[in-house]
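**Student:** Per this note's numbering, residue 11 is the first one in the sequence shown, and the count goes up by one each step.
Even for Gly, the Cβ is constructed at its ideal location relative to N, Cα and C.
Predicted, not measured: the structure shown is a model, and the values here were computed from it.
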Amino acid sequence: MASKAKRHRKKLEREGKLNPKCNRGDWNGIKPVTRTTPTKAEATRKQVRKHKPNFSKYNGGDSAYFIAG
């Protein structure tokens with residue numbers, strides 16, 4: 011049994027309209043993004059730094075406080 015979307019595509023073709031499948035790009039088997047697994051060093055660094063705060067955020071250096079009394 012054909013899906014509703016497939017029947018709709020075939021109906022569009024019969025009516026002389028463009029099949030949406032033709033608009034999709036073809037990469038010919040090439041994947042534009044390849045995922046790499048993290049190395050052991052990267053994985054351990056991520057685990058070690060998981061709950062440590064970012065100290066540059068707290069010790070910004072460019073902020074100053076002036077108290078006028």
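Cβ of arginine 19 within 9 Å of Cβ of lysine 31?
**Tutor:** Yes; because the gap between Cβ atoms is below 9 Å, this pair is in contact.
**Student:** What span of residues does the alpha helix (DSSP H) with arginine 59 cover, start to end?
**Tutor:** Neither: arginine 59 is in no alpha helix (DSSP H) and is coded neither H nor E.
**Student:** How is proline 30 classed by DSSP in three states: helix, strand or coil?
**Tutor:** Of the three classes helix, strand and coil, the one that applies to proline 30 here is helix, per DSSP.
**Student:** Roughly how many whole angstroms lie between the Cα atoms of lysine 27 and lysine 21?
**Tutor:** Approximately 9 Å between the Cα atoms of the pair.
**Student:** Report the rounded CA-to-CA distance for alanine 51 versus lysine 60, giving the unit in angstroms.
**Tutor:** If I take the Cα positions, the gap works out to 14 Å.
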